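Take the sequence shown: its position 8, counting from 1, is numbered 15 in this note's numbering, and each next residue is one higher. Even for Gly, the Cβ is constructed at its ideal location relative to N, Cα and C. Note that this is a predicted model, so its numbers are computed, not measured. Heads up: the structure comes next, in structure tokens.
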Amino acid sequence: MAEPYARVLLKLSGEMFGSEGAAITPDVVGSIANQLAEVVDSGHEVGIVVGGGNIFRGASPRAAGMDRSSADHMGMLATVINALALQDACEKVGLDTRVMSAVHMSEICEPYIRRRAVRHLEKKRLVIFAAGLGAPYFSTDTAAAQRALEIEADAVLKATKVDGVYDVDPEKEADATLYKDLDHHTVLNQGLRVMDATAISLCMDNNLPIIVFNLNPVGNILKVVQGEHIGTFVHTP
Ligand code: UDP
């Protein structure tokens, strides 16, 4: 067992928020909130970057013909919707939660201010970072890497629906092999599906580890922050 992580940045893609065709399912979001409560109650500090792919992505075929920047603005707004759903669920389980958006919308949430975000974390508040980096042509994976560096997180935790990073798609190939340990270079060179290349480069250049793990078994977030080696550990040895 490795050292526990005092402060982490969890990346939750939009697809983690819904079930059976619904973009957002309150029960599903509620079960994520229960896991998060366990982690915060254990004394860990958690920042979360939420995606928006369950609602809209600027680079998807659904945006065909649109101006890319406008489509990306729509994608960023989608992440705010998910952030509010997660905040609601987290508050229902008693977590002190703040949403901080990279795009100002002061009636709904706080603006992103790094020092204020860190202060929230120190007070054991959950901080949900919405609207990615506030700029088009980026993804929320890159926002996760960037926010993790800014808040000086010990690691980026990338939650997925499978157990980690595989050599081939485990949902298509029965004999897919799970990697336990990878270095950032290999992920980039082999184009392994961890996070996009911009996000991986940022983590590599700043020596920030990434742990890719399955969100669904209840208790997995706590296991990861406590240093249990589940999923795939991406680092530069
Ligand atoms: N987006 C953006 N800039 C950012 C982050 C996100 O323009 O800094 C837009 C982009 O259109 C992206 C969408 O928001 O497709 C939703 O984010 P993402 O695709 O990363 O969500 P996920 O796949 O994690 O659900």
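Whole-angstrom Cβ separation of residue i and residue j, contact assumed at under 8 Å?
i      : j      : result
Asn221 : Gly238 : 7 Å
Gly141 : Ala109 : 3 Å
Ala40  : Val100 : 5 Å
His192 : Cys210 : The pair is not a contact, with the Cβ atoms about 11 Å apart (cut-off 8 Å).
Arg64  : Ala160 : Rounded, the Cβ-Cβ distance is 25 Å, inconsistent with contact.
Ala206 : Ala162 : Actually they do not touch by this definition, with Cβ atoms about 13 Å apart.
Shortest alpha-carbon distance to residue i belongs to which of the options?
i      : options                        : result
Gly139 : Ile39, Val56, Asp48            : Val56
Val169 : Leu156, Arg200, Arg75          : Arg200
Tyr12  : Asn213, Pro244, Lys230         : Lys230
Lys187 : Ala78, Glu117, Asp174, Gln197  : Asp174
Pro216 : Asn227, Gly226, Pro224, Thr243 : Thr243
Ser146 : Glu114, Gln197, Ala85          : Ala85
Gly226 : Val47, Pro33, Ser26, Thr32     : Val47
Val232 : Ile31, Tyr119, Gly37, Gly50    : Gly50
Thr149 : Ala204, His236, Lys179         : Ala204
Kindly list the residues whose CB is nearer than 6 Å to the CB of residue i, restricted to its own chain and excluding five residues on each side of it in sequence; keep chain order.
i      : result
Glu10  : Gly234
Leu156 : Asn213
Val106 : Ala90, Gln94, Cys116, Ile135, Ala137
Ile228 : Gln42, Val46
Ala70  : Ala78
Buried or exposed: residue i, going by 16 or more other Cβ atoms within 10 Å of its Cβ?
i      : result
Arg144 : According to the sequence as given, residue 144 is Tyr; it is not Arg. Result: exposed.
Glu52  : buried
His111 : exposed
Ala29  : exposed
Val241 : buried
Asp182 : exposed
Asp34  : exposed
Asp176 : exposed
Asp79  : buried
Ala92  : buried
Met202 : buried
Asp74  : exposed
Asn61  : buried
Might you give, ordered along the chain, the residues of its own chain that have their beta carbon closer than 7 Å to the beta carbon of residue i, omitting 5 neighbours on each side?
i      : result
Ala166 : Leu17, Lys18, Leu19, Met23, Phe220, Leu222
Thr104 : Gln94, Cys97, Glu98, Arg132, Leu133, Ile135
Arg154 : Leu16, Gly54, Val56, Phe136
With 7 Å as the threshold, decide whether the Cβ of residue i is near any Cβ in chain C.
i     : result
Val47 : Among the chains in the structure shown there is no chain C, since it carries only a single protein chain.
Report all residues from its chain with a CB closer than 8 Å to the CB of residue i; omit the five preceding and five following residues, and keep chain order.
i      : result
Arg121 : Glu157, Ile158
Gly21  : Ala30, Val57, Gly58, Gly59, Gly60, Asn61, Ile62, Ala85, Thr86, Asn89
By C-beta, the residues closer than 5 Å to any heavy atom of the ligand UDP, given in chain order: In chain order, the residues that have a beta carbon nearer than 5 Å to some heavy atom of the ligand UDP are Ser20, Gly21, Gly58, Gly59, Gly60, Arg64, Gly65, Asp79, Gly82, Met83, Gly139, Leu140, Pro143, Phe145, Ser146, Thr147, Ala150.
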